[in-house]
Amino acid sequence: MTFKPLKTTFFIPLFKLLVLIGFAVSAVSALAVQPARAEFRAESLDNNFPDEIAAAKEQGKFLVIMFQQIGCPYCEEMRARVYPDPKVQKYYTKRFVLIESNIRGSLSVVSPQGKAMTEKKYARKNRVRATPTFIYFDKNGKQALKVTGFMDIARFIKAGQYVVKGVYKTKTSFYRYLQKSMK
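This note's numbering numbers the first residue of the sequence shown as 902 and each following residue consecutively.
As structure tokens, then:
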């Protein structure tokens, strides 16, 4: 039995076709719509939370700290699905500054009470055991609300409204507020 060699004229057009398809796929993926950046998210340069609260207050806003950790799927879900939503963007950009803090981090932070510690110790002090956990501060630096876990768009906006409207001052729990306001 003898084998006939395949002609190179078959492989050259096939190779060209594959290269062309590769370029087309990469061009389409480059044009894919990227999620909008959440304008209310800020990077704290020195993790001095009293300064961050004061800066937010000067802008007429509240500070929110999102406690997160590397590899947290629900944190990523918040960043990918909730933060870019136009309703969230509109509501939070006008009213909040959000800073992230790593619950296992070793960066130095200054707590709203003025005490220096690591991110990890600050998370423990606030009894953050799961991520994401959001702590909302009033304009005087006192904790107004703490919510643990993923929040969908509606619940995330309701959490903001709970703080902005001052419902936390009435001692009505956030969950009771949600039950009443979602009816």
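Ideal placement from N, C-alpha and C gives every residue a C-beta, glycine not left out.
Please classify R942: does DSSP put it in a helix, a strand, or coil? strand
Leaving aside the five residues before and after A928 along the sequence, list all residues of the same chain whose C-beta is less than 8 Å from its C-beta, in chain order. Its pLDDT being 44, under 50, A928 is placed unreliably by the model, and the measurement read from it follows with that caveat. Here the set comprises nothing.
If we count the other Cβ atoms within 10 Å of its Cβ and call it buried at 16 or more, is E953 buried or exposed? Its Cβ being crowded by 16 or more others within 10 Å, E953 is buried.
What's the gap between the Cα of F1057 and the Cα of Q1044? Between F1057 and Q1044, the alpha-carbon positions lie close to 17 Å from each other.
Determine the contact status of I1000 and I966, defining contact as a CB-CB distance below 8 Å. yes
C-beta atoms of G1006 and K988 nearer than 8 Å: no
Got a sec? Which residues, its chain only, sit under 8 Å from N949 by beta carbon, not counting five neighbours each side? V1010 and V1011
Let me check one thing: in DSSP terms, what residues is S1002 bridge-paired to? F968
For Y1078 versus Y1063, is the C-beta distance shorter than 8 Å? yes
Need the endpoints of the beta strand (DSSP E) that A1060 sits in, please. Careful: A1060 lies outside any beta strand (DSSP E), inside the alpha helix (DSSP H) at I1054 to V1065.
Around the C-beta of S1002, are 16 or more other C-beta atoms found within 10 angstroms, so that it is buried, or is it exposed? buried
Out of A1024, E977, G1067 and K1040, which has the shortest C-alpha to C-alpha gap to D1053? E977
If you run the structure through DSSP and keep just helix, strand and coil, what is P951? Three-state DSSP puts P951 in a helix.
Is it buried or exposed for T1032, if we count other Cβ within 10 angstroms and need 16 for buried? buried
How many Å lie between L1008 and T1071 at the Cα? The alpha-carbon separation between L1008 and T1071 amounts to approximately 35 Å.
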